[in-house]
Amino acid sequence: DSGVTQTPKHLITATGQRVTLRCSPRSGDLSVYWYQQSLDQGLQFLIQYYNGEERAKGNILERFSAQQFPDLHSELNLSSLELGDSALYFCASSVGGFLDSYSYEQYFGPGTRLTVT
Amino acid sequence: AQSVAQPEDQVNVAEGNPLTVKCTYSVSGNPYLFWYVQYPNRGLQFLLKYITGDNLVKGSYGFEAEFNKSQTSFHLKKPSALVSDSALYFCAVRDPLNSGYSTLTFGKGTMLLVSP
Chain U
7 DSGVTQTPKH LITATGQRVT LRCSPRSGDL SVYWYQQSLD QGLQFLIQYY NGEERAKGNI
67 LERFSAQQFP DLHSELNLSS LELGDSALYF CASSVGGFLD SYSYEQYFGP GTRLTVT
Chain C
31 AQSVAQPEDQ VNVAEGNPLT VKCTYSVSGN PYLFWYVQYP NRGLQFLLKY ITGDNLVKGS
91 YGFEAEFNKS QTSFHLKKPS ALVSDSALYF CAVRDPLNSG YSTLTFGKGT MLLVSP
């Protein structure tokens, strides 16, 4: 158990809908990262938050957004869902998140499997 | 830009034999390198990392990896494979010179199958 929790475990929804995925980082970790894993694209970095502020953006679509709250949990919002958004979404956390944190490993949650029908 | 390549989609090895999972990287500065393992329907688990120092890094579950700067490689190794090592393995790199942020770039993954 990595200490990172994600809810829900599974989510089935229809095209055009909006969903919210939730992540709680390990105790003491300030950074939260979101990743998308699919068979064709592999593991893709989406976005990072550090202590409530956005720090880095990867291959995140404009239909997707995220935020990190004062208690450090994070939510990933996916809207206008398409069939191609079906994937495993992982959250990870690490102690640091900026110039001081290059050596820190990330700890991953169990993921949320999103199925868009 | 940083990148990492795992040239083998799948590696097959018999239990008790040594295993190697290959990884090569490309960064503009000195790399920080990581190996993760993913079991079915689970998140990624951290195995080991190279930051600086000894080129041979030891990690969890008896795994080790050797950093080779001249060949830009960071191959994962284990002297004696177990059936329970069967999983998907990811190599990842972080380039400290890349924009100042701590993003990781992952390889596509290598499926390791250990036969009894």
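From first to last, the protein sequence lines stand for chains U and C. Mapping to the working numbering: the first sequence position 101 is 107, numbers consecutive. Mapping to the working numbering: the second sequence position 81 is 111, numbers consecutive. The beta-carbon is built from N, C-alpha and C at its ideal position, and this holds for glycine as well.
Closer than 7 Å at the beta carbon, the chain U residues around residue i
| i | result |
| --- | --- |
| Thr-133 (chain C) | Phe-51, Gln-54, Ala-62 and Gly-64 |
| Lys-88 (chain C) | The contacting residues do not exist; Lys-88 (chain C) stays about 15 Å from chain U at best. |
| Phe-64 (chain C) | Glu-111 |
| Phe-76 (chain C) | Glu-111 and Tyr-113 |
Partner residues on chain U for residue i, Cβ-Cβ distance less than 8 Å
| i | result |
| --- | --- |
| Gly-139 (chain C) | Gly-48 and Leu-49 |
| Lys-99 (chain C) | Within chain U, no residue comes near Lys-99 (chain C); the closest Cβ sits about 17 Å away, beyond 8 Å. |
8 Å contact criterion, which residue i and residue j should meet: CB distance rounded
| i | j | result |
| --- | --- | --- |
| Lys-107 (chain C) | Leu-143 (chain C) | With a Cβ gap of about 16 Å, Lys-107 (chain C) and Leu-143 (chain C) do not count as contacting. |
| Thr-118 (chain U) | Tyr-95 (chain U) | 5 Å |
| Leu-84 (chain U) | Val-25 (chain U) | 5 Å |
| Trp-65 (chain C) | Ala-111 (chain C) | Not confirmed; about 15 Å, so no contact. |
| Gln-50 (chain U) | Tyr-39 (chain U) | 11 Å between Cβ atoms; not a contact. |
| Thr-102 (chain C) | Ser-56 (chain C) | 7 Å |
| Thr-140 (chain C) | Gln-36 (chain C) | 5 Å |
| Phe-120 (chain C) | Gly-137 (chain C) | 6 Å |
| Ala-72 (chain U) | Leu-87 (chain U) | Wrong, their Cβ atoms sit about 15 Å apart, outside the cutoff. |
| Val-10 (chain U) | Arg-32 (chain U) | 6 Å |
| Gln-74 (chain U) | Gly-64 (chain U) | Actually they do not touch by this definition, with Cβ atoms about 16 Å apart. |
| Val-41 (chain C) | Cys-53 (chain C) | Wrong, their Cβ atoms sit about 12 Å apart, outside the cutoff. |
Local conformation of residue i per DSSP, three classes
| i | result |
| --- | --- |
| Leu-89 (chain U) | helix |
| Ser-90 (chain C) | helix |
| Ser-100 (chain C) | coil |
| Val-41 (chain C) | strand |
| Ser-116 (chain C) | coil |
| Tyr-56 (chain U) | strand |
| Gln-42 (chain U) | strand |
| Phe-75 (chain U) | coil |
| Gln-12 (chain U) | strand |
| Gln-68 (chain C) | strand |
| Tyr-110 (chain U) | coil |
| Ala-62 (chain U) | strand |
| Leu-36 (chain U) | coil |
| Leu-74 (chain C) | strand |
Chain-ordered chain C contacts of residue i [CB-CB under 7 Å]
| i | result |
| --- | --- |
| Gly-58 (chain U) | Under the 7 Å cutoff, chain C gives no residues; its nearest Cβ is about 16 Å from Gly-58 (chain U). |
| Gly-117 (chain U) | Gly-73 |
Short Cβ contact (8 Å threshold) for residue i with residue j
| i | j | result |
| --- | --- | --- |
| Gln-112 (chain U) | Ala-98 (chain U) | yes |
| Val-123 (chain C) | Leu-74 (chain C) | no |
| Leu-52 (chain U) | Gln-43 (chain U) | no |
| Gln-47 (chain U) | Pro-116 (chain U) | no |
| Glu-38 (chain C) | Val-113 (chain C) | no |
| Val-67 (chain C) | Leu-77 (chain C) | yes |
| Ser-37 (chain U) | Phe-114 (chain U) | no |
Beta-ladder partner(s) of residue i, from DSSP
| i | result |
| --- | --- |
| Leu-84 (chain U) | U:Val-25 and U:Phe-70 |
| Thr-19 (chain U) | U:Val-122 |
| Gln-47 (chain U) | DSSP lists no partner for Gln-47 (chain U). |
| Tyr-95 (chain U) | U:Gln-42 and U:Thr-118 |
| Ser-30 (chain U) | U:Thr-11 |
| Ala-95 (chain C) | C:Val-87 and C:Leu-106 |
| Val-144 (chain C) | C:Val-43 |
| Lys-79 (chain C) | C:Phe-64 |
| Val-51 (chain C) | C:Leu-106 |
| Ser-33 (chain C) | C:Ser-56 |
Proximal residues of chain C, C-beta to C-beta of residue i below 8 Å
| i | result |
| --- | --- |
| Phe-70 (chain U) | Result: empty, since nearest Cβ-Cβ is about 16 Å, beyond 8 Å. |
Beta-carbon neighbours of residue i, restricted to chain C and to distances below 9 Å
| i | result |
| --- | --- |
| Phe-75 (chain U) | Correct list: empty, because the minimum Cβ distance to chain C is about 20 Å. |
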